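Following the working numbering, the numbering of the sequence shown begins with 165 at its first residue and continues without gaps.
Each residue gets a CB set at the ideal place from its N, CA and C atoms; glycine is no exception.
Predicted model, so just to flag it, every value in this text is computed and none were measured.
All remarks here apply to the structure that follows.
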Amino acid sequence: MKKSDISQLKELKENYTKICDEIAKVIIGQKEVIDQVLISLFCSGHSLIIGVPGLAKTMLVNTIANILDLSFNRIQFTPDLMPADITGTEVIEEDLTTGKRNFRFVKGPIFANVILADEINRAPPKTQSALLQAMQEYQVTYAGKTYTLPLPFFV
165 MKKSDISQLK ELKENYTKIC DEIAKVIIGQ KEVIDQVLIS LFCSGHSLII
215 GVPGLAKTML VNTIANILDL SFNRIQFTPD LMPADITGTE VIEEDLTTGK
265 RNFRFVKGPI FANVILADEI NRAPPKTQSA LLQAMQEYQV TYAGKTYTLP
315 LPFFV
């Protein structure tokens, strides 16, 4: 191993320790879960956190986003949630000077660095599919147009 590699590894360990120390100020215990979520985030993966209410799942994800200065959104999946509710939709916008009408894409809550997708199993398959496309491809397709999601992107 080169000296530069060793120094980079030491710096990585120091920064990882700082992140864990900041999380520990908010989340008590749960070191294994914290490590697994951070590893998923740093490896461009995603995490499925399962647990009973009150285990600080939402607080953990929100805290990590805050510490790393990443944007955060929570999507509550319900049986009536449509794909456009998470990806975004086009709205008609009129130019006041020319009177022309144009479509403008309004980004949905999926356009954040860190997404907490709550109760995914409640959503219809087509809505789950929109989430899965975003997770796999790091992009969203709406009305035949592709929109790139911000990186890092973590669900």
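Query, Result
"Between which residues of its own chain and V270 is the CB-CB distance below 8 Å, once the five residues before and five after are set aside?", "G252, T253, E254 and V255"
"Helix, strand or coil: which one does DSSP assign to Y302?", "coil"
"Taking the straight line between their C-alpha atoms, what separation do you get for I284 and G218?", "18 Å"
"Quick one, which of S168, T262, I228 and V216 has its alpha-carbon nearest D199's?", "I228"
"Please go through the segment 207 to 245 and give each complete alpha helix (DSSP H) segment of 4 or more residues, from N-terminal end onward.", "221 to 231"
"My guess is that M299 and V319 are in contact by the Cβ rule of under 8 Å, so how many angstroms apart are they, rounded?", "5 Å"
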